[in-house]
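Q:
Residue numbers (my numbering): 794 to 1106.
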């Protein structure tokens, strides 16, 4: 699938934008030279010292940051700019090799040693190294489901790495999963709610990237990801409790069928989304608790993982 490319042309008539771009590049160089970072919000406020080149609103600053990112063909985290949001959480059979920011000393972070907690993915992950004997990565939508699997040591019996996406995965979360999967040759299975949002927003963003950063989707997508569930067919097969699709759900599903190149590329997804619209219902991950709190661990995941060839693309 090809992604549409956007262009912004700098001319004499856009001298302010040109000046802002140069100032943003200078700020980036300053951050890289000092091994420092700035959030997108901080970069916006730094511009208040730029005189006539200052930004009036943060969306202007974000756009110029995107331009610099595209100009150099690297991601903004490599330029010293980081997002505000949390990157995600990790538990399981993984050692993350990081470095102490003060001394530069190597740090080995064992993701099996956090007890009931988890390792937090940093905003920049390019420098991280990995050691693992896991056989796959399980990316999970909700923190509640992630905590259940962590509490009961699911990663031990399944020999996997658990990643909590906390909804739509951040750039850092997607990049972390992509690097880990690529470098260790691990398949990625995605476990989200069975609704149009889980499919079109969460899974799709992980799989093919964000439309807002099309120029860098090669860094922030996980093409090897496969959809474990909850599928429309799971709702039937496991007799899950459901909620009616809302108008916004139906609109999102129909828009995906009509306009989304990702969905149009896969007949299996067209069939699944059409099935969901026809059923008129959605189901959450936690609906599996109808059969017992740990049914997801004892029955659902083992059954699904026994037939990964049936996962949606």
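Even glycine gets a Cβ: it sits at the ideal position worked out from N, Cα and C.
(1) If you scan the region 921 to 948 from start to end, which runs of the alpha helix (DSSP H) of 4 or more residues do you find wholly inside it?
(2) Counting along the chain, where does the alpha helix (DSSP H) carrying residue 815 start and finish?
(3) Indicate the three-state DSSP secondary structure (helix, strand or coil) for residue 907 in the structure shown.
(4) Considering Cα atoms alone, identify which of 854, 1037, 947, 1078 is closest to residue 909.
(5) For a test of the three-state rule: what should DSSP assign to residue 966, helix, strand or coil?
(6) So is residue 823 buried or exposed if we call it buried at 16+ other beta carbons inside 10 Å?
(7) Ignoring anything shorter than 4 residues, give me the alpha helix (DSSP H) runs that lie fully in the region 850 to 886, in order along the chain.
(8) Going by beta carbon distance, what residues of the same chain come within less than 8 Å of residue 918, once the five residues before and after it are set aside?
(9) Restricting to Cα atoms, I'd like to know which of 1097, 960, 873 is closest to residue 831.
(10) Look at the Cβ atom of residue 1033, then the Cβ atom of residue 1098, and state whether they are nearer than 8 Å.
(11) With three or more beta-carbon pairs closer than 8 Å as the criterion, would you say the region 973 to 985 touches the region 1015 to 1022?
(12) Kindly give me the distance between the Cβ atoms of residue 958 and residue 902, rounded to whole angstroms, as I take these residues to be in contact under 8 Å.
(13) Could you give the residue range of the beta strand (DSSP E) that holds residue 1021?
(14) Is residue 890 buried or exposed, if buried means 16 or more other CB atoms sit within 10 Å of its CB?
(15) Counting along the chain, where does the alpha helix (DSSP H) carrying residue 1042 start and finish?
(16) Go ahead and pull the three-state DSSP assignment for residue 847.
(17) Is the beta carbon of residue 884 less than 8 Å from the beta carbon of residue 955?
(18) DSSP on residue 1058, reduced to helix/strand/coil?
(19) Closest by CA to residue 900, which one among 924, 816, 882?
(20) Tell whether a beta-carbon distance below 8 Å holds between residue 913 and residue 882.
A: Taking the coordinates as given:
(1) Segments of the alpha helix (DSSP H) lying fully in the region 921 to 948: 936 to 944.
(2) Looking at the DSSP string, the run of the alpha helix (DSSP H) that includes residue 815 is 808 to 826.
(3) It is coil, neither helix nor strand.
(4) Checked all of 854, 1037, 947, 1078; the closest Cα to residue 909 is 947.
(5) Note: residue 966 maps to helix in three-state DSSP.
(6) Exposed is the call here.
(7) 851 to 865, all fully within the region 850 to 886.
(8) Closer than 8 Å at the Cβ level, and outside the excluded window around residue 918, lie 870, 880, 965, 968, 969, 972.
(9) For the residues 1097, 960, 873, the minimum Cα distance to residue 831 belongs to 873.
(10) Against a cut-off of 8 Å, the Cβ pair of residue 1098 and residue 1033 comes out as no contact.
(11) Flag = yes, the region 973 to 985 and the region 1015 to 1022 touch.
(12) Contact between residue 958 and residue 902 does not hold, since their C-beta atoms are separated by about 20 Å, which reaches or exceeds 8 Å.
(13) Counting along the chain, the beta strand (DSSP E) containing residue 1021 begins and ends at 1018 to 1022.
(14) Answer is exposed; the Cβ neighbour count stays below 16.
(15) 1040 to 1052 is the span of the alpha helix (DSSP H), which, as asked, contains residue 1042.
(16) Reduced to three states, the DSSP call for residue 847 is coil.
(17) For the pair residue 884 and residue 955, the CB atoms are nearer than the 8 Å cut-off.
(18) In this structure, residue 1058 counts as helix in the three-state DSSP scheme.
(19) In this structure, 924 is the residue among 924, 816, 882 with its C-alpha nearest to the C-alpha of residue 900.
(20) Judged by beta-carbon spacing, residue 882 lies within the 8 Å limit of residue 913, meaning their Cβ atoms are closer than that value.
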